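Below: the structure, in structure tokens.
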Amino acid sequence: MKSKAELKRRNTIEYAIEMELECAKVRVSELIEKLFAHQDTISILKQQKDAQIKLYKIREDKDIEKVIDLDNKVKVLDNIVYKTGQSVQTMNMLNNKCRTSFAKPEYLKKAKQANPRLYDI
């Protein structure tokens with residue numbers, strides 16, 4: 001059995017305070033460990049967030065470049081269509097000016113047979 005002095009010491013306020021202090025120290029150390037674990041988790045999550053933001057910015061930049069390239073291609077193709085339209089219009093204007101003066105198509109056929117190079121357009 002424990003001595004009376006030991007029992008008396010355990011029943012004192014100082015002993016109770018000492019035990020509470022020990023429990024508080026253990027609890028504080030546990031909370032500090034949890035805090036460090038949470039800080040590590042937060043750090044990892046921040047790194048992942050930054051990596052995602054960087055990835056999305058790279059994708060966005062690539063998409064913007066694609067849009068710019070497509071706009072430039074559309075401009076080039078519009079220019080080609082415009083020039084082709086002008087060429088067709090010019091050809092039509094020239095064809096209208098170069099009409100033959102034959103009253104009947106049969107006369108044109110005979111003239112082509114007589115001199116095919118003249119009517120080779």
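Quick note on numbering: the sequence shown equals residues 1 to 121 in the numbering used here.
Don't be surprised by glycine CBs; every beta carbon is placed ideally from N, CA and C.
A quick note: this is a predicted structure, and the numbers were derived from the prediction, not measured.
Checklist line | residue 87, DSSP secondary structure in three states | finding: helix
*Starting from residue 105 and walking both ways along the alpha helix (DSSP H), at which residues does that stretch end?*
105 to 114
Next item on the list: Go ahead and pull the three-state DSSP assignment for residue 12.
Entry: coil
query: Would you report the Cα separation of residue 126 and residue 82, rounded to the nearest angstrom?
result: This structure does not reach residue 126, given that the chain is present from 1 up to 121, and the question cannot be answered.
| request: Put residue 43 into one of helix, strand or coil per three-state DSSP. | output: helix
Through-space distance from residue 89 to residue 117, alpha-carbon basis
25 Å
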